[in-house]
Structures are given as structure tokens and as C-alpha cells.
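K.L.:
Numbering (my numbering), first residue to last: 1 to 463. Idealized CB from N, CA, C, for every residue including glycine. Bear in mind the structure is a predicted one, so any value in this text is a computation, not a measurement.
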Amino acid sequence: MAKPLTYAIVGAGFSGMAVAVQLLQGLKVPARICLINRSLSFGRGMAYGTNSPSHLLNVPAGRMSIDPDQESGFIDYLKSRGLHWRAGDFVPRSLYGDYLERCLLRAQSAAADGVKLELVEAEVLRVDGAHTDKPVLHLNDGRTIEATQVILALGNFTPRPPATASAVDWTCAPLVNDVWSQGVLDGLDRNARVLLVGTGLTAYDAVLRLLDQGHTGPITMLSRRALLPQPHREQETAPAAGLVPGDFLANETSLRIQLRAVRQLLKDAAAHGHDWRDVIGGLRSHTPRLWQQMTGRSRAQFVRHLGPHWDTHRHRAAPAIYRRIQAAMESGQLSVMQGRLVDVTPGEASASVTWKPRGADTTSSATFHAVVNCTGPSSDLRRVKDPLIAQLREGGCLRVDELALGLHVDDHYRVVDGQGQPLPAIRYVGPLLKAQHWEATAVPELRLHAKRLAHRMLDGLTV
Numbered sequence: 001m002a003k004p005l006t007y008a009i010v011g012a013g014f015s016g017m018a019v020a021v022q023l024l025q026g027l028k029v030p031a032r033i034c035l036i037n038r039s040l041s042f043g044r045g046m047a048y049g050t051n052s053p054s055h056l057l058n059v060p061a062g063r064m065s066i067d068p069d070q071e072s073g074f075i076d077y078l079k080s081r082g083l084h085w086r087a088g089d090f091v092p093r094s095l096y097g098d099y100l101e102r103c104l105l106r107a108q109s110a111a112a113d114g115v116k117l118e119l120v121e122a123e124v125l126r127v128d129g130a131h132t133d134k135p136v137l138h139l140n141d142g143r144t145i146e147a148t149q150v151i152l153a154l155g156n157f158t159p160r161p162p163a164t165a166s167a168v169d170w171t172c173a174p175l176v177n178d179v180w181s182q183g184v185l186d187g188l189d190r191n192a193r194v195l196l197v198g199t200g201l202t203a204y205d206a207v208l209r210l211l212d213q214g215h216t217g218p219i220t221m222l223s224r225r226a227l228l229p230q231p232h233r234e235q236e237t238a239p240a241a242g243l244v245p246g247d248f249l250a251n252e253t254s255l256r257i258q259l260r261a262v263r264q265l266l267k268d269a270a271a272h273g274h275d276w277r278d279v280i281g282g283l284r285s286h287t288p289r290l291w292q293q294m295t296g297r298s299r300a301q302f303v304r305h306l307g308p309h310w311d312t313h314r315h316r317a318a319p320a321i322y323r324r325i326q327a328a329m330e331s332g333q334l335s336v337m338q339g340r341l342v343d344v345t346p347g348e349a350s351a352s353v354t355w356k357p358r359g360a361d362t363t364s365s366a367t368f369h370a371v372v373n374c375t376g377p378s379s380d381l382r383r384v385k386d387p388l389i390a391q392l393r394e395g396g397c398l399r400v401d402e403l404a405l406g407l408h409v410d411d412h413y414r415v416v417d418g419q420g421q422p423l424p425a426i427r428y429v430g431p432l433l434k435a436q437h438w439e440a441t442a443v444p445e446l447r448l449h450a451k452r453l454a455h456r457m458l459d460g461l462t463v
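1) Under 8 Å, with one C-beta from each stretch per pair, do the region 86-98 and the region 108-116 reach the 3-pair mark?
2) Leaving out five residues before and five after Val-463 in sequence, what residues of the same chain have Cβ atoms less than 8 Å from its Cβ?
3) If you reduce the DSSP assignment to three classes, tell me which class Val-463 lands in.
4) For Gly-346 and Pro-174, what's the separation of their Cα atoms in angstroms?
5) Taking DSSP as the reference, what is the three-state secondary structure of Leu-446?
6) Would you report the Cα separation of Ser-80 and Arg-102, rounded to the nearest angstrom?
7) Excluding sequence positions up to five away, which residues of its chain have a Cβ less than 7 Å from the Cβ of Ile-321?
8) Please state whether DSSP places Tyr-204 in a helix, a strand or coil.
9) Helix, strand or coil: which one does DSSP assign to Leu-27?
10) Do you know how far the Cα of Val-336 is from the Cα of Met-329?
11) Can you tell me whether Trp-85 is helix, strand or coil according to DSSP?
12) Asp-128 and Ala-425 look like a contact to me (Cβ under 8 Å); what is the Cβ gap, rounded to whole Å?
13) Alpha carbon to alpha carbon, how far is Arg-314 from Ala-240? Give it in angstroms, no decimals.
14) Entirely within the region 291-362 and at least 4 residues each: give me those alpha helix (DSSP H) ranges in chain order.
15) Could you check what DSSP says for Glu-71 in three-state terms: helix, strand or coil?
16) Starting from the Cα of Leu-195, find the closest Cα among Pro-92, Thr-354, Ser-94, Pro-387 and give me that residue.
17) Starting from Ile-151, follow its DSSP beta bridges and name the residues at the other end.
18) May I have the straight-line CA-CA distance separating Gly-242 from Gly-395, to the nearest angstrom?
19) Label Lys-434 either buried or exposed according to how many other C-beta atoms from any shown protein chain fall within 10 Å of its C-beta, with 16 as the threshold for buried.
20) Within the continuous beta strand (DSSP E) that includes Val-197, where are the two ends?
21) Pull up the DSSP beta-bridge partners for Met-64, would you.
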């Protein structure tokens with residue numbers, strides 16, 4: 001009797017949960033689905049592990065269903081709990097983690113006979129036989145899993161420490177490298193002077209965490225451009241139709257021409273009374289194609305010069321979060337500085353920070369009781385210290401993106417190795433697809449990739 005198929009999903013954040021649900025729903029032959037996570041917080045990950053009601057989703061509830069073909073899934077779940085959020089509302093992230101758990105349990109209970117789900121609390125240290133059709137996963141507790149298919153659903157990695165003149169250790173107070181680590185800001189004096197390195201959504205989260213714990217001291221955000229994420233509309237709706245033609249910039253490779261055309265779209269939309277958000281939203285389905293049409297040089301130019309401007313308009317904050325940020329700035333408690341971090345010298349209870357203000361000839365210095373890295377998660381697989389990624393990288397099993405945006409896969413989501421060849425039985429889904437698609441870090445896109453990956457694996461299986 002043939003052994004059941006074994007699907008080993010490494011990572012149980014959104015992407016891993018979405019693939020598991022699709023497999024549980026689609027498999028009609030005996031199979032074992034091993035969902036592997038470092039902790040038993042399945043479906044939480046970095047994004048949805050917070051219990052703070054202030055930490056809201058950055059995507060409206062109506063676009064957060066785990067299945068792209070069942071758009072009302074998350075809203076229906078909220079209603080089943082007596083929570084009457086609307087499709088355009090921005091819901092606490094913890095509720096979304098609850099929803100993912102419910103989706104997994106329901107898919108498990110409705111799975112076909114012989115299709116089994118195993119929740120495995122462990123870390124994958126390495127994969128043997130990555131270039132074969134019989135990879136073997138080695139876990140940190142000594143167990144091994146022989147897999148038919150391995151699905152890497154690894155999400156966001158720990159932020160890379162900011163570059164400074166002296167290579168300081170960001171793992172020790174008063175420096176904080178990972179603001180999402182449990183309790184890193186809990187013991188901070190309410191009157192402490194805090195510097196947040198970065199001005200994106202991670203910095204917004206850090207500000208809210210400080211305010212929620214009663215912080216009254218000054219908070220400063222520092223970044224090279226001092227660009228702040230823009231807010232969503234109060235009730236976010238689908239983009240106005242027709243603002244972006246279906247064949248927009250077909251086959252155009254020039255970044256300059258692409259930029260000029262997008263600016264014209266924004267100008268035309270404004271002339272007809274439309275919000276700029278409608279244009280950004282309308283471009284969303286075109287973005288992967290536009291990215292893939294660019295030359296390597298154009299992509300590098302975009303990342304360096306335009307990426308931060310795009311991110312602050314594309315990855316927006318919930319209106320309630322933006323209002324709190326603005327209120328903190330108006331009160332004088334929160335300030336924003338534009339400049340480049342030069343050096344940090346940590347002491348016992350504070351750190352001396354030196355930065356160069358934009359346009360200045362000299363540096364400035366100040367002392368802070370805490371310096372927090374808010375530059376966001378790392379996607380530079382050349383430097384990620386995760387043991388599995390390190391083993392695959394050093395074994396030539398990953399084609400690392402030259403712009404440090406992630407990794408590369410083929411049309412079946414099989415990981416492409418250092419020689420440009422797809423690995424037979426190792427696939428990937430998650431935010432590291434940004435290297436190939438650019439628009440691949442939020443739920444509306446990731447759920448599409450998760451469903452396509454699952455269907456690619458299911459194609460050809462006999463009932």
C-alpha cells in the first residue's frame with residue numbers, strides 16, 4: 001500500500017494557514033498535512049500576535065477573507081461573533097488571528113477521509129535532499145519528516161540592525177532591534193526620551209504601544225526622508241472603476257515613462273474629482289506586470305529613489321491610527337527628524353545618538369533612554385540568520401534577489417536554486433515573492449498566491 005502524501009508547511013502565519021486550508025479543502029486522496037511552527041500560536045505570526053486593540057489591520061475587513069473567491073468570509077465570521085464591523089472598517093489584528101484559527105479548524109473538520117492535519121511545534125533546522133523529489137526535514141527536537149512536498153511559508157524576518165559607524169550590539173538595552181519581541185518596551189520609564197529609527201508603519205505601531213502604556217516622555221522618529229504613511233479613507237471602498245486602463249503601459253520597460261504615466265493618471269483623476277487612493281488601488285493588479293517589465297537597472301532605481309514614496313501611499317494606516325499619530329505630533333510629544341543615522345554609543349541607562357540632518361554639513365547628537373529599530377522586517381536573505389534559510393542559501397538552493405527583496409520561484413512556486421533551476425519538491429509562498437511581483441506582501445495578494453500554489457500541487461492527483 002502506497003504511503004499517504006505528506007505536505008510539510010513550514011510557517012503558520014497567514015500564508016501557511018492559507019495553504020493548509022486550501023489543501024484540506026482540495027485533497028481527495030489520503031494525505032498528511034504537517035503545519036510546522038516555532039510556537040503553538042498558529043495563525044498569529046508577527047502581524048496578528050498582538051492583543052492590543054490599538055493595533056488595527058491596515059487593510060479593510062471586507063478584503064481580508066482567507067479565500068479570494070469568498071470575499072465576505074472575514075465579515076461573516078465577525079457577524080457570527082456578534083461583532084458588526086462593516087466591510088470598510090479597520091479591525092483589531094487579534095480578531096484576524098482568531099478568524100484564521102477558525103478557518104483552519106473548519107477546513108480540518110470538513111476534510112475528506114484520510115486527509116489529516118498535524119500541528120507541529122518545532123523549528124526546521126535543515127532540509128536534506130533539497131534537489132530530489134524526496135526532501136527530509138530535520139526539526140530542532142530531533143524528529144524528521146519525509147515530505148512529498150515542502151512549502152516554505154516563512155513570513156517576515158527579524159529586522160536588520162541599522163548601519164552605524166561602530167558595529168554596536170542591538171540586542172542589549174537601551175537598544176531595541178525587534179520592537180515585536182515580547183515585553184521589550186514594558187519596563188521603560190514613562191518619562192524616557194525615545195528614538196524610533198524609521199518612520200513607517202512599524203514606527204506607528206511602536207508609538208501606539210508607548211502611548212497605550214501611558215508613556216509621557218518625548219518620542220522622536222528619524223529617517224532619511226521623514227516620509228509618513230498616509231491614511232486610508234474613513235470608510236475604505238473599492239477603487240473607482242475605469243481610472244487605470246486594462247492595457248496600462250503594456251510592454252513598457254522605461255521607469256521614466258512609467259512614472260510620467262502614473263502622474264498623469266493622478267492628475268486626470270483629481271481633475272474629475274477622484275481621490276488619489278483610487279488610482280493607487282487601481283494600479284494594484286497591474287503592479288506585478290509593471291515590475292516584471294522593468295529592466296534590472298530600472299528596478300534598482302525605483303527601489304532607491306521611489307520605493308519609499310510609493311510605500312507611504314500604497315501601504316497606508318488605518319484612519320484611527322493616523323489620527324493618534326497626528327494628535328501626538330500636535331501635542332509636541334512626537335516629533336519627526338529627517339536625516340541619516342551615523343552612530344549609536346550605548347551606555348548603562350541611555351545611548352548617545354549621532355545623525356546627520358538632511359542638507360546639513362555637520363552632524364547633530366542627543367541622548368535617548370531607548371533607541372528602537374523600526375526599519376521593518378528584513379528580506380535580505382544574504383544576511384538572514386534563520387538556520388533553514390542559511391542552510392539552503394549556503395547549499396546553493398536559493399536564488400537570492402540582487403535587490404535584497406526576497407527569493408525567486410517558477411510558475412509553480414518551486415524555489416529556484418542558485419543555478420536558476422527549480423527544486424523538484426520545495427515551494428515558497430509569502431512576502432518574499434516581492435522580489436518577482438513587488439505587490440506580494442498583503443493579504444489580498446498572498447491569498448491568491450496561496451490558492452494558486454495549492455492548486456498547482458493538486459493538479460494531476462487522482463481521486
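P.N.:
Judging by the given coordinates:
1) Segment contact: the region 86-98 against the region 108-116, fewer than three CB-CB distances shorter than 8 Å; contact not assigned.
2) Residue 463 sits at position 463 when you count from the first residue of the sequence shown. Because the pLDDT of Val-463 is 40, which lies under 50, any placement of that residue in the model is unreliable, and the number read from its coordinates should be weighed accordingly. The residues are Lys-28, Val-29.
3) As a working mapping, residue 463 is identified with position 463 in the sequence shown. Its pLDDT being 40, under 50, Val-463 is placed unreliably in this model, and the coordinates cannot settle the point.
4) Mapped onto the sequence shown, residue 346 falls at position 346. Mapped onto the sequence shown, residue 174 falls at position 174. The amino acid at residue 346 is misidentified as Gly; the sequence shows Pro. Distance between the alpha carbons of Pro-346 and Pro-174 is about 7 Å.
5) Taking the sequence shown and counting its residues from 1, the one referred to as residue 446 is at position 446. In the structure shown, Leu-446 sits in a helix (DSSP, three-state: H, G or I).
6) Here residue 80 is taken as the residue at index 80 of the sequence shown, counted from 1. Here residue 102 is taken as the residue at index 102 of the sequence shown, counted from 1. Roughly 11 Å between the two C-alpha positions.
7) If you number the sequence shown from 1, residue 321 lands on position 321. A distance below 7 Å between beta-carbons, with the five flanking residues on each side excluded, links Ile-321 to the following residues of its chain, in chain order: Leu-56, Tyr-204, Leu-208.
8) In the sequence shown, the residue the question calls residue 204 occupies position 204. In the structure shown, Tyr-204 adopts helical secondary structure according to DSSP, grouped into three states.
9) Looking up residue 27 in the sequence shown gives position 27. Note: Leu-27 maps to coil in three-state DSSP.
10) As a position in the sequence shown, residue 329 is number 329, starting the count at 1. As a position in the sequence shown, residue 336 is number 336, starting the count at 1. Met-329 and Val-336: Cα-Cα distance of roughly 8 Å.
11) Working through the sequence shown from its first residue, we reach residue 85 at position 85. In this structure, Trp-85 counts as coil in the three-state DSSP scheme.
12) Start at 1 with the first residue of the sequence shown, and residue 128 comes out as number 128. Start at 1 with the first residue of the sequence shown, and residue 425 comes out as number 425. Not quite, the Cβ-Cβ distance comes to about 12 Å (not below 8 Å), so this is no contact.
13) On the sequence shown, position 240 is the one that residue 240 refers to. On the sequence shown, position 314 is the one that residue 314 refers to. Those two C-alpha atoms are separated by around 16 Å.
14) Segments of the alpha helix (DSSP H) lying fully in the region 291-362: 296-301, 307-314, 319-331.
15) Here the question's residue 71 lines up with position 71 in the sequence shown. When DSSP states are grouped into helix, strand and coil, Glu-71 belongs to the coil group.
16) As a first step, residue 195 is located in the sequence shown; it is residue number 195 there, counting from the start. Nearest C-alpha to Leu-195: Thr-354.
17) As a first step, residue 151 is located in the sequence shown; it is residue number 151 there, counting from the start. In DSSP, Ile-151 forms a bridge with Ile-9, Arg-427.
18) For the purposes of this step, residue 242 is identified with residue 242 of the sequence shown, where counting begins at 1. For the purposes of this step, residue 395 is identified with residue 395 of the sequence shown, where counting begins at 1. C-alpha separation (whole angstroms): 48 Å.
19) For the purposes of this step, residue 434 is taken as the residue at position 434 of the sequence shown. Label assigned to Lys-434: buried.
20) Taking the first residue of the sequence shown as position 1, residue 197 is located at position 197. From DSSP, the beta strand (DSSP E) with Val-197 extends over 194-197.
21) Indexing the sequence shown from 1 puts residue 64 at position 64. Answer is none; Met-64 lacks a bridge partner.
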